[in-house]
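Remarks on the structure that follows.
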Amino acid sequence: MEFVLLGFSDMPNLQWILFGIFLLIYLTILMCNSIIILITRFDPALQKPMYFFLGNFSFLEICYVTVTIPRMLMDLWTQRGSISLSACAAQMCFVLMLGGTECLLLTVMAYDRYVAICNPLHYSLVMNHKVCIQLVAASWISGIPVVIGQTCQIFFLPFCGSNTINHFFCDIPPVLKLACGDTFVNEIAVYVVAVVFIMVPFLLIVVSYSKIISNILKLSSAKGRSKAFSTCSSHLTVVVLFYGTATITYLQPKPNQFGRMGKLISLFYTVLIPTLNPIIYTLRNKDIMVALRKLLGKLFT
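Okay, structure coming up:
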């Protein structure tokens, strides 16, 4: 009737320290992303497609960490990890759905940079407000039926024997390890979905950036090249971090075969990267920094 999430129970002396660290990280993610949403929504200088996508990305990050970190904090506080099958299925479904949305939204943001740099004269026409809304809506909605189908397929499997999940949230690899019978079809389905939602968007991003870099190198002005690179570097950094860890998790030959290493990799893309994203986007973007100073100036005066 229920699973038990082991989480970080193998480090009993660090439970309260980890609770304090993860609580601080969660509050930092909420605060930083909320500020980005606020300034991209109300600052007149940031009413551009690039910042519209960034505001949506920040909202997505808040949703993404809220699916995993509060549950992890509760388990650290109570030092119990029991979770019902329905709650486990719901958590898995939301993690996969929001992770897929992040892959697609990062691809949309790469396409926006491609149009801005490679086709600047038609940028306002191609990336009009209606198109931006449609791209964001497609990123949020397109993965929902696939994710629900995959989650149902996994939880219709019989579970017997151990009910202990060696992880801090209900992810596909550790849950599949507990299933009885043949899970070959499910593992193939995981690979197919991972290819569609991780590798295909990643390849599209690579193609976009290869064309972007080619166009940047053709610019005669060194200042123009520097500005073009600065607008793309933060997004490219986030892409490399997120796709790198997600690929290792869902496309490794034997799911979660590394135990503690699997948890560490999952911590990267569920906790650490969402913490770094606001820092990466704010420190490397002059418009965001100017808007942030204006906001802080208003608050303190």
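Numbering-wise, this note's numbering puts 73 at position 92 of the sequence shown, and it's gapless, one number per residue. Every residue, glycine too, gets a C-beta built ideally from N, C-alpha and C.
For MET(-8), does the count of other Cβ atoms within 10 angstroms reach 16, so buried, or fall short, so exposed?
By the 10 Å Cβ count, MET(-8) comes out exposed.
The segment 149 to 158 in contact with the segment 93 to 101 per 3-pair CB rule at 8 Å:
No, the segment 149 to 158 does not touch the segment 93 to 101.
For SER120 and ILE197, what's the separation of their Cα atoms in angstroms?
So the alpha carbons of these two residues sit roughly 28 Å apart.
Just to confirm, is the Cβ distance from PHE3 to LEU54 under 8 Å?
Between PHE3 and LEU54, the CB-CB gap stays under 8 Å.
Quick check on this structure: which residue in LEU138, THR82 and ILE169 has the alpha carbon closest to the alpha carbon of PHE40?
Looking at the Cα atoms, THR82 is the closest of the given residues.
For ASN237, which residues from the same chain have a beta carbon less than 6 Å from its beta carbon, with the 5 sequence-adjacent residues on both sides left out?
Reliability of the predicted coordinates at ASN237 is poor, the pLDDT of 45 falling under 50, and the value obtained from them is presented with this limitation in mind. Hits under 6 Å: PRO154, PRO155 and GLY243.
Can you tell me whether TYR283 is buried or exposed, with buried defined as 16 or more other CB within 10 angstroms of its CB?
Since the first residue of the chain shown is -18 and the last is 282, residue 283 is not available in this structure.
Given 8 Å, three or more beta-carbon pairs between the segment 113 to 127 and the segment 139 to 150:
Result no; under three Cβ-Cβ pairs closer than 8 Å.
Please confirm if the segment 212 to 223 is in contact with the segment 123 to 142, defined as three or more CB-CB distances below 8 Å between the two stretches.
No, because fewer than three Cβ pairs between the segment 212 to 223 and the segment 123 to 142 fall closer than 8 Å, the two stretches do not touch.
Relative to the C-alpha of ASP56, which candidate in VAL(-15), ILE10 and GLN115 has its C-alpha closest?
Per the Cα distances, VAL(-15).
So, with DSSP's three-state summary, where would you put PHE65?
The displayed chain sequence assigns Ser, not Phe, to residue 65. In this structure, SER65 counts as strand in the three-state DSSP scheme.
Of the residues MET31, ASP24 and TYR45, the one placed nearest VAL89, counting alpha carbons only:
The residue with the shortest Cα to Cα distance from VAL89 is MET31.
Would you tell me roughly how many angstroms separate the C-alpha atoms of ASP24 and ASN109, rounded to the nearest one?
The alpha-carbon atoms of ASP24 and ASN109 are separated by roughly 18 Å.
Whole-angstrom distance between SER67 and ARG52, CA atom to CA atom:
One alpha carbon belongs to ARG52, the other to SER67, and they sit about 14 Å apart.
Does the beta-carbon of THR251 have 16 or more other beta-carbons within 10 angstroms, so that it is buried, or is it exposed?
In the assembly as shown, THR251 is a buried residue. Its beta-carbon has 16 or more other beta-carbons within 10 Å.
Run of the beta strand (DSSP E) containing PHE(-16), from where it starts to where it stops:
-17 to -14 is the span of the beta strand (DSSP E), which, as asked, contains PHE(-16).
Whole-angstrom Cβ separation of GLN72 and VAL107, contact assumed at under 8 Å?
Between VAL107 and GLN72 the Cβ distance is about 38 Å, and since that is not below 8 Å, they are no contact.
Rounded straight-line distance, which links the Cα of CYS161 to that of CYS84:
One C-alpha to the other measures close to 31 Å.
What distance in whole Å lies between the Cβ atoms of ILE17 and LEU320, which are believed to be in contact at a cut-off of 8 Å?
Shown here, the chain extends from -18 to 282; a query on residue 320 therefore has no answer.
Quick one: using the 10 Å Cβ neighbour count with 16 as the cut-off for buried, is SER214 buried or exposed?
Exposed.
Would LEU77 and PHE38 qualify as a contact pair, given that the criterion is a beta-carbon distance under 8 Å?
No.
Since ALA70 and PHE136 are thought to touch, with beta carbons under 8 Å apart, how far apart are those beta carbons, to the nearest angstrom?
With a Cβ gap of about 5 Å, ALA70 and PHE136 count as contacting.
Helix, strand or coil: which one does DSSP assign to PHE23?
In the structure shown, PHE23 sits in a helix (DSSP, three-state: H, G or I).
Using CA atoms only, rank isn't needed, just tell me which of LYS199, ILE179, SER202 and LYS204 is closest to GLY80.
For the options LYS199, ILE179, SER202 and LYS204, the alpha carbon positioned closest to that of GLY80 is the one of ILE179.
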